[in-house]
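This note's numbering applies: residue 568 is where the sequence shown begins, and numbers increase by one.
Just below is one structure, and these are the notes that go with it.
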Amino acid sequence: MKDKESKALSDIEWEQRTLCPDESCIGVIGPDGRCNKCGLPLEPARPGEFTDDPVAADSEAEKEFVEDDEGEAIPDTEWEQRTLCSDESCIGVIGPDGRCQECGLPG
Numbered sequence: 568m569k570d571k572e573s574k575a576l577s578d579i580e581w582e583q584r585t586l587c588p589d590e591s592c593i594g595v596i597g598p599d600g601r602c603n604k605c606g607l608p609l610e611p612a613r614p615g616e617f618t619d620d621p622v623a624a625d626s627e628a629e630k631e632f633v634e635d636d637e638g639e640a641i642p643d644t645e646w647e648q649r650t651l652c653s654d655e656s657c658i659g660v661i662g663p664d665g666r667c668q669e670c671g672l673p674g
């Protein structure tokens, strides 16, 4: 019974760990607020930064976003008929001139 309790505790600790902010480091943030491998301190979350915390679907930010974009919605047919750039590393689409609007490659 003790093994199951200790295993459950270690699972909880695993889920609650904070990874080092240096993406090339394999360390985790210790109780002192620093990475246990490279020593980098954990920066406090900045406004607008991504977090894993859930956000309510009816939040004010979402309402503002929907209201701002109502007039600029792309019809589904136009979205489905777009032609992506042949360069797989490019995010562009082929424009009316037959060239990619991002990198300029011919479609």
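Where a beta carbon is used, it is the ideal one built from N, C-alpha and C, also for glycine.
In this chain, the alpha helix (DSSP H) harbouring Glu645 covers 643-647.
DSSP, read as helix, strand or coil, puts Ile579 in helix. Distances from the CA of Ser656 to each of Pro598, Cys670, Cys602 were compared; the closest alpha carbon is that of Cys670. Proximity to Ser591 across Ile661, Lys604, Glu647, Arg584 peaks at Lys604, based on C-alpha coordinates. Straight-line spacing of the CA atoms in Val595 and Gly674 works out to 46 Å.
CA-to-CA, the gap between Ser653 and Gly662 works out to about 13 Å. Using a Cβ distance threshold of 8 Å, Gly659 and Gln648 do not count as a contacting pair. Under DSSP, Arg601 shares a beta bridge with Pro608.
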